[in-house]
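Numbering (my numbering), first residue to last: 987 to 1198.
We put the CB at the ideal spot given by N, CA and C, even for glycine.
Comments concern the structure below.
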Ligand code: 3PG
C-alpha cells in the first residue's frame, strides 16, 4: 500500500462508497465527504457512467485519494487505472487482477470471507484485503479469529458497517479501515442534501477518533 494511502487511513480509517451515476452529483458528494474529513473515496462501478463520475472527481477536486470499487474483471481494472484510480477494490479475490495490481504498484483490496480466501491473498503477496460482506461473514468475532492466524494481514470490513457498529470494527488492531455506503445515502444525494453527507462523514471521523 502506498505511504500516502496508509497515512490517510490511519488519520481517518473510513472509506465512503460513492455509487452515483451522475458525474456532477458524484463530484459534489466527494466534496461533501472531504468537507467532513474523509478524503479516501471508493467509486463503485455499478452503473453505466460510474467511471465517468470517478474521472470527474479526479479532475475537479484536489487532495482526495480516489479508487474504484466493484471491479470485477482485469479489463475493468486496467481501464480504471488508466483513468487514474489510485486503488482498486473487488467483491472477491481474482488472481489476474491481484497480479496486475501488484505489478503496477496499485493497492488492491479483494473481498475475502473465508480463511482459504485470506490465505490465497496472502500467498499472492497481498497484506491488505477487504472483509466482505463484513456483517454476514461473521463480523468482529470472525475478524478476531482471522487475526490470530493471519498475523500480518490487515482487513477492510465492508458490507453492513454503519455508524452503529463502526467503533467495534475499528477497535480491532487488524482493521485497517472500514468501508461503506451509509455515508452517502441515496435520498440525500438525490435531494442535493450534501450537508447531511458532510455531517455523516464528521460523525464517522469522531467515532474513529474515539475508537483508536
Ligand atoms: C460493497 O460494495 O463493499 C458493499 O456493497 C457495501 O456495503 P454497504 O452498502 O452495506 O456499506
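Since residue i is in the alpha helix (DSSP H), which residue starts that stretch and which ends it?
i: residue 1128; result: 1125-1135
i: residue 956; result: What the structure shows of the chain is the stretch from 987 to 1198, and residue 956 is not part of that stretch, so it cannot be assessed.
i: residue 1043; result: 1036-1046
i: residue 1074; result: Here residue 1074 belongs to no alpha helix (DSSP H); instead the beta strand (DSSP E) covers 1074-1076.
i: residue 1175; result: 1172-1176
i: residue 1083; result: 1081-1090
CA-CA distance, residue i and residue j?
i: residue 1121; j: residue 1100; result: 13 Å
i: residue 1028; j: residue 1190; result: 16 Å
i: residue 1066; j: residue 1172; result: 23 Å
i: residue 1072; j: residue 1096; result: 15 Å
i: residue 1068; j: residue 1164; result: 26 Å
i: residue 1159; j: residue 1009; result: 36 Å
i: residue 1047; j: residue 1070; result: 13 Å
i: residue 1147; j: residue 1089; result: 31 Å
i: residue 1000; j: residue 987; result: 16 Å
i: residue 1150; j: residue 1106; result: 31 Å
i: residue 1177; j: residue 1110; result: 44 Å
i: residue 1155; j: residue 1063; result: 28 Å
i: residue 1138; j: residue 1112; result: 10 Å
i: residue 1058; j: residue 1076; result: 6 Å
i: residue 1162; j: residue 1034; result: 30 Å
Any heavy atom of ligand 1 within a distance shorter than 7 Å of the CB on residue i?
i: residue 1118; result: yes
i: residue 1239; result: With the chain running from 987 to 1198 in the structure shown, residue 1239 is simply not present.
i: residue 1019; result: no
i: residue 1003; result: yes
i: residue 1102; result: no
i: residue 1124; result: no
i: residue 1145; result: yes
i: residue 1170; result: no
i: residue 1055; result: yes
i: residue 1167; result: yes
On the DSSP letters alone, give me the boundaries of the beta strand (DSSP E) that residue i sits inside.
i: residue 1054; result: 1051-1055
i: residue 1140; result: 1140-1143
i: residue 1114; result: 1114-1117
i: residue 1184; result: Per DSSP, residue 1184 belongs to no beta strand (DSSP E); it is in the alpha helix (DSSP H), 1180-1197.
i: residue 1146; result: Unbroken run through residue 1146: none, as it is neither H nor E.
Give the C-beta separation of residue i and residue j to the nearest angstrom, bearing in mind that I take them to be a contact with Cβ-Cβ under 8 Å.
i: residue 1141; j: residue 1175; result: Contact flag wrong, Cβ pair sits at about 28 Å.
i: residue 1043; j: residue 1018; result: Between residue 1018 and residue 1043 the Cβ distance is about 12 Å, and since that is not below 8 Å, they are no contact.
i: residue 1015; j: residue 1183; result: 6 Å
i: residue 1026; j: residue 994; result: 5 Å
i: residue 1134; j: residue 1196; result: About 25 Å separates the two Cβ atoms, so there is no contact after all.
Query - Length at least 3, wholly inside the segment 995-1024: the beta strand (DSSP E) runs in chain order - result: 1000-1004
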